[in-house]
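Chains as they are written, first to last, in my numbering: chain V, 1 to 318; chain E, 319 to 636.
Note that the Cβ used here is the ideal one computed from N, Cα and C, for glycine as well.
Keep in mind it's a predicted model, so treat the numbers as computed, not measured.
Reading through the structure tokens given below for one structure.
Listed below in structure tokens is the structure:
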């Protein structure tokens, strides 16, 4: 068992948030830092929307809608109905309660606070123990080059429902952006014992984190293990768009493709138990492999996967 | 009966909106232009809020909450509850459906549209026939000098519930602001036959309109009658704060004080029938006087007062 107790999780939206929740249930809050993708952030209706941060925040606050996987439980839509009546844009749906987050975040950003400071404060007000950090305080934006032209992330993902075929993914602004100071501090912390890459979409959710400033070099230079958890199970992505995107990018829809994406970065790869016959191929990429049930259907399975990831990492470290 | 069919109404919030509604029910829509006070406008939570415009718009669209006198019928408050949970400012309550108006207006202002263009478009989308105009596209702000210091209008009116004693009213930016071009055009229209000053608070709702640029001179130069409708009945204001404010300003709470405020500007003063013994005193101020039931408790009384105001004005003009 590692003597270095601190754990950093790299996380996108829904899938990543599930594992982050599992981790939050078994780790002391001061030991867990969750670094969240902000490549999906965008300005909508004049409001700064940070979809992945909100998904993680709502999930850890116990406020998220379990069924639809995003947004708030018991959400209402009177704002959207009213907006539609006066001719506003309605393709990206903002719920009445959810809206408070965007309005308050936008107001505080305009007042000069950093996204980091705002995120930490809002999370604390919602009673969340672990630290949740945006990957950067600078603007980094995921842009899809598709057969319908260049689309900002939400235009591709929500407005066009991932239908355009993706030819190339661009993380605009990433090279010039620095990881948020608190992100740098978490990775520099001598007590850091493990980095877990949550089962988020590698290309859409994790890539923006890796591309931000010197993040990839920082992760590569770590002396603690980096473990990635697969978002692909038995040749299918847990969420639809990932599989379609992989096919468009010319990748086999297989955990091996994910492992290849993380090769050179991750020391360990946590594979679904259904995919154990792929282990040899992944080991050949230079990673240790363990298997576990990785489908997280309820809190119990989230906690179990978090535990499996930690046990796997402890083994790597010893 | 006048041969010049067009009518301009000067209007603040609730009381004025009631008469504007009455007028809208008996005039062809293309004959009625409602010029609305924007001295109460403010930026709240980063959003541009125009309380009087919204009151008029909601009232004429048939969407207003009849009971409370402001806001939307059937409004819900999930945004505010959520905002409170994350530590946002909650002293000014924005309903879920109402919020769409502020978000969309703010977005369109930021995109460079004028408040006039936005207001006309939103009103049209809500099916409103008459033209509703902000008094100015420039920033004019009502500021109260009180025993608690200088307070922006909403701080005085909503946050401090009109409790501070008002020593002086300042209409900041009014001298430098031009009336909106459409306001100027409405007053310059050769078909203009009557200006009605609605029974809004003269000092808080009408004064900002009068002080905006050369509005007072424009109104004084009109060749058609100007008729003011009293907001004070039998020594009491229809809405509480007006009476308190009048007392603080050292004014008798009487329709005569209102008439004195409009002396030199209005040609006619429509007094409540309960106050007919004040008529002689008001006539002495240089105004024609008529009496009518001026308390508007339902649509019927709104239409009746609108009709009384028109009949009074027609008499003045003939």
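Notebook entry, point to check: Roughly how many whole angstroms lie between the Cα atoms of residue 636(E) and residue 537(E)?
Noted result: The residue given as residue 636(E) occupies position 318 in the second chain. The residue given as residue 537(E) occupies position 219 in the second chain. Since pLDDT at residue 636(E) reaches only 49, below the 50 mark, its modelled position is unreliable, and no value is offered.
Item checked: Residue from 548(E), 368(E), 483(E) whose Cα sits closest to the Cα of residue 427(E) -> In the second chain, residue 427(E) corresponds to position 109, counting from 1. Closest by C-alpha distance to residue 427(E), out of 548(E), 368(E), 483(E), is 368(E).
Next item on the list: Could you say if the segment 247-255 of chain V and the segment 336-352 of chain E meet the contact criterion of at least three C-beta pairs nearer than 8 angstroms?
Entry: The segment 247-255 of chain V, when compared against the segment 336-352 of chain E, does not touch it at the 8 angstroms Cβ threshold.
Item checked: Cα-Cα separation, residue 603(E) to residue 549(E) -> Within the second chain, numbered from 1, the residue matching residue 603(E) stands at position 285. Within the second chain, numbered from 1, the residue matching residue 549(E) stands at position 231. Taking the straight line from one Cα to the other gives about 18 angstroms.
Checklist line | Nearest-angstrom Cβ-Cβ length linking residue 97(V) and residue 397(E), presumed shorter than 8 angstroms | finding: One-based indexing of the first chain puts residue 97(V) at position 97. One-based indexing of the second chain puts residue 397(E) at position 79. That pair is a contact at about 7 angstroms.
Item checked: Closest by C-alpha distance to residue 400(E), when choosing among 152(V), 145(V), 125(V) -> Counted from its first residue, the second chain places residue 400(E) at position 82. That would be 125(V), whose Cα lies nearest to the Cα of residue 400(E).
Notebook entry, point to check: Of all the CB atoms in chain E, is at least one closer than 8 angstroms to the CB of residue 117(V)?
Noted result: Here residue 117(V) refers to the residue found at position 117 when the first chain is read from its first residue. Put simply, the CB of residue 117(V) is far from chain E, with every gap to its CB atoms at 8 angstroms or more.
Next item on the list: Assign residue 163(V) to one of two classes, buried (16 or more other C-beta atoms within 10 Å of its C-beta) or exposed (fewer than that).
Entry: Within the first chain, numbered from 1, the residue matching residue 163(V) stands at position 163. Residue 163(V) comes out exposed.
Notebook entry, point to check: Within 10 angstroms of its Cβ, does residue 601(E) collect 16 or more other Cβ (buried), or is it exposed?
Noted result: As a working note, residue 601(E) is residue 283 in the second chain. Per the 10 Å Cβ criterion, exposed.
Next item on the list: Find the nearest neighbour of residue 460(E) within the set 407(E), 449(E), 487(E), 506(E), judged by alpha-carbon distance.
Entry: In the second chain, counting from the first residue as 1, residue 460(E) sits at position 142. Among 407(E), 449(E), 487(E), 506(E), the Cα nearest to that of residue 460(E) belongs to 487(E).
Next item on the list: Could you have a look at residue 437(E) and say whether DSSP puts it in helix, strand or coil?
Entry: Taking the second chain and counting its residues from 1, the one referred to as residue 437(E) is at position 119. Collapsing the DSSP output to three states places residue 437(E) in a helix.
Margin query: Checking the sheet assignment: what are the DSSP bridge partners for residue 329(E)?
Written below: Within the second chain, the letter at position 11 stands for residue 329(E). Bridge partners of residue 329(E): 354(E).
Margin query: Contact between the segment 486-503 of chain E and the segment 460-476 of chain E is defined here as three or more beta-carbon pairs at a separation below 8 angstroms; is this criterion met?
Written below: These segments touch.
Next item on the list: Measuring alpha carbon to alpha carbon, tell me which of 417(E), 513(E), 591(E) ends up nearest residue 338(E).
Entry: As a first step, residue 338(E) is located in the second chain; it is residue number 20 there, counting from the start. When only C-alpha atoms are compared, the closest one is 513(E).
Check: Which whole-angstrom value describes the C-beta separation of residue 233(V) and residue 146(V), a residue pair presumed to lie in contact below a C-beta threshold of 8 angstroms?
Finding: Within the first chain, residue 233(V) is the residue found at index 233, counting from 1. Within the first chain, residue 146(V) is the residue found at index 146, counting from 1. Contact flag wrong, Cβ pair sits at about 26 angstroms.
Check: Looking at the C-beta of residue 128(V), does it have a partner C-beta in chain E at a distance below 8 angstroms?
Finding: As a working mapping, residue 128(V) is identified with position 128 in the first chain. For residue 128(V), no Cβ of chain E is located within less than 8 angstroms of the residue's own Cβ.
Check: Under three-state DSSP, which class holds residue 50(V)?
Finding: Within the first chain, numbered from 1, the residue matching residue 50(V) stands at position 50. In this structure, residue 50(V) counts as coil in the three-state DSSP scheme.
Notebook entry, point to check: Can you find a C-beta in chain E that's less than 8 angstroms from the C-beta of residue 26(V)?
Noted result: Here residue 26(V) corresponds to residue number 26 of the first chain, with the count starting at 1. Not closer than 8 angstroms to any Cβ of chain E, the Cβ of residue 26(V) fails to qualify, so no.
Check: Residues bridged to residue 557(E) by DSSP?
Finding: Position 239 of the second chain, counting from 1, holds the residue named residue 557(E). Per DSSP, none; premise fails for residue 557(E).
Notebook entry, point to check: Can you list the residues of chain E that residue 45(V) reaches, using a CB-CB cut of under 8 angstroms?
Noted result: For the purposes of this step, residue 45(V) is taken as the residue at position 45 of the first chain. Going along chain E in sequence order, the residues near residue 45(V) (Cβ under 8 angstroms) are 421, 422, 425.
Notebook entry, point to check: Looking at the structure shown, is residue 166(V) part of a helix, part of a strand, or coil, going by DSSP?
Noted result: Along the first chain, one-based indexing puts residue 166(V) at 166. Secondary structure at residue 166(V): strand, using DSSP grouped into helix, strand and coil.
Item checked: Residues within the segment 383-406 of chain E neighbouring chain V, beta-carbon criterion of under 9 angstroms -> If the cut-off is 9 angstroms between Cβ atoms, the segment 383-406 of chain E has 390, 392, 393, 394, 395, 396, 397, 398, 399, 400, 401, 402, 403, 404, 405, 406 near chain V.
Margin query: Using the three-state DSSP reduction, which class does residue 377(E) fall into: helix, strand or coil?
Written below: Counted from its first residue, the second chain places residue 377(E) at position 59. It is helical.
Margin query: Rounding to the nearest angstrom, what Cα-Cα distance links residue 100(V) and residue 535(E) in this structure?
Written below: Numbered from 1 along the first chain, position 100 holds the residue referred to as residue 100(V). Numbered from 1 along the second chain, position 217 holds the residue referred to as residue 535(E). Each residue's alpha carbon lies about 44 angstroms from the other.
Next item on the list: Please check if any C-beta of chain V sits within less than 8 angstroms of the C-beta of residue 595(E).
Entry: In the second chain, counting from the first residue as 1, residue 595(E) sits at position 277. Cβ-Cβ to chain V under 8 angstroms: no for residue 595(E).
Next item on the list: Using the Cα positions of residue 184(V) and residue 134(V), report the straight-line distance between them to the nearest angstrom.
Entry: Position 184 of the first chain, counting from 1, holds the residue named residue 184(V). Position 134 of the first chain, counting from 1, holds the residue named residue 134(V). Approximately 11 angstroms between the Cα atoms of the pair.
Next item on the list: For the alpha helix (DSSP H) holding residue 217(V), just list the boundary residues, first then last.
Entry: Position 217 of the first chain, counted from the start, is the residue given in the question as residue 217(V). Start and end: 215-220.
Item checked: Amino acids of chain B, ordered along the chain, whose beta-carbon sits closer than 7 angstroms to that of residue 428(E) -> Here the protein chains are V and E, and chain B is not one of them.
Check: In this structure, what does DSSP give as the bridge partners for residue 627(E)?
Finding: Here residue 627(E) refers to the residue found at position 309 when the second chain is read from its first residue. DSSP output for residue 627(E) lists no bridge partner at all.
Notebook entry, point to check: Beta-carbon of residue 125(V) versus every beta-carbon of chain E: anything under 8 angstroms?
Noted result: In the first chain, the residue the question calls residue 125(V) occupies position 125. Cβ-Cβ to chain E under 8 angstroms: yes for residue 125(V).
Notebook entry, point to check: How would you label residue 319(V), buried or exposed, when you count the other beta carbons within 10 angstroms and need 16 or more for buried?
Noted result: Since the first residue shown for chain V is 1 and the last is 318, residue 319(V) is missing from the structure and cannot be characterised.
Check: Quick one: Cα of residue 477(E) to Cα of residue 530(E), how far?
Finding: Start at 1 with the first residue of the second chain, and residue 477(E) comes out as number 159. Start at 1 with the first residue of the second chain, and residue 530(E) comes out as number 212. Roughly 26 angstroms separates the two Cα atoms.
Margin query: I'd like to know if residue 54(V) contacts chain E, where contact means its C-beta is closer than 8 angstroms to some C-beta of that chain.
Written below: Counting from one through the first chain, the residue named residue 54(V) turns up at place 54. Judged by the 8 angstroms Cβ criterion, residue 54(V) is not in contact with chain E.
Notebook entry, point to check: Quick one: which chain E residues come within Cβ less than 7 angstroms of residue 96(V)?
Noted result: As a position in the first chain, residue 96(V) is number 96, starting the count at 1. Simply 394, 396, 397, 414.
Next item on the list: Round the Cβ separation of residue 53(V) and residue 132(V) to the nearest angstrom and send it over; I've been treating them as touching at under 8 angstroms.
Entry: As a working mapping, residue 53(V) is identified with position 53 in the first chain. As a working mapping, residue 132(V) is identified with position 132 in the first chain. At roughly 7 angstroms, the Cβ-Cβ gap stays under 8 angstroms, so residue 53(V) and residue 132(V) are in contact.
Check: Who are the neighbours of residue 417(E) on chain V, taking C-beta pairs under 9 angstroms?
Finding: Against the second chain, residue 417(E) aligns to sequence position 99. Ordered by position in chain V, the residues that pass the 9 angstroms Cβ test against residue 417(E) are 78, 79, 82, 83, 96, 99, 103.
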